[in-house]
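For what it's worth, this note's numbering labels the leading residue of the sequence shown as 16, then goes sequentially. Built from N, CA and C at the ideal position, the CB exists for glycine as well. Just so you know, these numbers come straight off a predicted model, no measurement behind them. Everything on this sheet refers to the single structure shown next.
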Amino acid sequence: MTPSKIAALPMYDFPELRADTDALWERLAKSLRAAGIDGVPAALSRDRDHIETWRDPDLLLAQACEYPLAAGLAGAMQLVATPVYTAEGCSGPLYRSAIVVWRYEPARTLADMRGRRCVVNELSSNSGMNLLRAAIAPLVGNGGFFETVTVSGSHRQSLEMIAGGEADVAAVDCVSWAYLQRIAPQLTDALRVLAWTDASPSLPLITAAGTDSLTVQALRLALAEAMNDPALGPARERLLLSGFDFSPDESFARVRELAARAAALRYTEIA
Numbered sequence: 016m017t018p019s020k021i022a023a024l025p026m027y028d029f030p031e032l033r034a035d036t037d038a039l040w041e042r043l044a045k046s047l048r049a050a051g052i053d054g055v056p057a058a059l060s061r062d063r064d065h066i067e068t069w070r071d072p073d074l075l076l077a078q079a080c081e082y083p084l085a086a087g088l089a090g091a092m093q094l095v096a097t098p099v100y101t102a103e104g105c106s107g108p109l110y111r112s113a114i115v116v117w118r119y120e121p122a123r124t125l126a127d128m129r130g131r132r133c134v135v136n137e138l139s140s141n142s143g144m145n146l147l148r149a150a151i152a153p154l155v156g157n158g159g160f161f162e163t164v165t166v167s168g169s170h171r172q173s174l175e176m177i178a179g180g181e182a183d184v185a186a187v188d189c190v191s192w193a194y195l196q197r198i199a200p201q202l203t204d205a206l207r208v209l210a211w212t213d214a215s216p217s218l219p220l221i222t223a224a225g226t227d228s229l230t231v232q233a234l235r236l237a238l239a240e241a242m243n244d245p246a247l248g249p250a251r252e253r254l255l256l257s258g259f260d261f262s263p264d265e266s267f268a269r270v271r272e273l274a275a276r277a278a279a280l281r282y283t284e285i286a
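This is the structure we're talking about:
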């Protein structure tokens with residue numbers, strides 16, 4: 016028997032959406048097995064670090080963040096597709112981050128947040144760090160911009176810190192923001208969007224660098240079939256998923272451009 020490969024969709028794996036994410040994977044797995052792909056796992060992996068998962072040579076499919084891929088992981092994987100979401104802030108395969116503050120925060124522009132407390136989900140995050148850094152860079156001048164920068168570990172925790180008075184501002188990708196508006200309205204109602212960042216490709220679906228072309232083709236066909244399956248319609252709607260772009264930019268040009276824009280203004284680290 017062929018050893019099972021790895022599949023993981025960790026980037027939007029909120030507990031409240033887990034049944035829908037599992038339903039999506041079950042439909043993809045069904046198509047992959049019908050296409051004769053060996054080692055298709057029965058369930059998504061949820062017990063591994065996502066960077067470790069992305070590097071695994073047995074990776075069949077995962078969702079990833081473009082910034083760490085562009086910054087050094089690109090050789091360990093290949094792009095399969097870019098999801099298209101219906102959340103506010105998305106346009107085709109592109110998304111933005113919402114720059115979020117407390118609901119009664121008096122600031123009216125991003126410049127008003129100078130000297131305040133920032134929280135990011137991860138320093139390697141495109142939506143939480145890279146997009147925010149690019150937005151702030153023109154405002155910085157000499158020195159830093161924020162009083163403090165704290166790492167929370169997740170977008171949800173960043174928002175909880177703002178709502179709880181432990182931080183003042185965070186950038187949260189628009190898909191997470193839309194999900195949380197529905198599944199945690201008591202949290203998002205305590206907050207508001209101060210501004211939106213520039214756009215960047217949505218979080219891509221990837222497979223291991225060594226995955227053969229026939230399997231990549233089967234993965235793309237499985238994704239297309241999942242979008243056309245009426246039985247999966249309610250799950251797709253709850254996941255805000257409207258399609259996939261099967262011609263992703265393997266150079267990560269937009270992510271690199273935003274990082275370079277901040278670097279040109281000597282704002283290489285969010286501070």
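The count of Cβ pairs closer than 8 Å, one atom from the segment 167-175 and one from the segment 125-132, stays below three, leaving the stretches out of contact. Ranked by how close their Cα comes to the Cα of residue 84, the residues 282, 268, 278, 281 have 268 in first place. For residue 68, the enclosing alpha helix (DSSP H) stretches over residues 65-70. Between residue 202 and residue 174, the gap from beta carbon to beta carbon is short of 8 Å. Per DSSP, the continuous beta strand (DSSP E) segment holding residue 257 begins and ends at 256-260. In the structure shown, the three-state DSSP call for residue 112 is strand. Between the alpha carbons of residue 281 and residue 152 lies a gap of roughly 8 Å. By the neighbour-count criterion, in which a residue is buried when 16 or more other Cβ atoms sit within 10 angstroms of its Cβ, residue 72 is exposed. For residue 92, the enclosing beta strand (DSSP E) covers residues 92-100. Distance from the CA atom of residue 200 to the CA atom of residue 193, rounded to whole angstroms, is 10 Å. For residue 48, the enclosing alpha helix (DSSP H) stretches over residues 33-49.
The alpha-carbon separation between residue 198 and residue 181 amounts to approximately 22 Å. Listed in chain order, the alpha helix (DSSP H) elements of length 4 or more contained wholly in the segment 174-240 are 189-198, 200-203.
Only residues of its own chain outside the window of five on either side were considered, and among them 80, 82 have a CB closer than 7 Å to the CB of residue 140, listed in chain order. Nearest neighbour of residue 204 by Cα position, chosen from 99, 64, 117, turns out to be 117. Counted as a single uninterrupted DSSP element, the beta strand (DSSP E) harbouring residue 74 occupies residues 74-78.
Membership of residue 253 in the alpha helix (DSSP H) is indicated by the continuous run 248-253. Here the C-alpha atom of residue 258 lies approximately 14 Å from the C-alpha atom of residue 245. Remark: C-beta atoms of residue 26 and residue 78 approach each other more closely than 8 Å. Ranked by Cα distance from residue 100, the options 177, 260, 38, 157 are led by 260. Beta bridge pairing from DSSP links residue 133 with 164, 184.
Below 8 Å, too few C-beta pairs join the segment 101-110 and the segment 50-68 to call them touching: fewer than three. At the C-beta level, residue 143 and residue 211 stay beyond 8 Å of one another. Nearest Cα to residue 29 within the set 271, 145, 254, 179: 254. The C-alpha of residue 277 lies about 39 Å from the C-alpha of residue 20. As computed with DSSP, residue 22 is found in a beta bridge with 76. Around the beta carbon of residue 229, fewer than 16 other beta carbons sit within 10 angstroms, so the residue counts as exposed.
The beta carbon of residue 23 lies closer than 6 Å to those of 59, 60, 68, 77 in the same chain, with the five residues before and after it left out.
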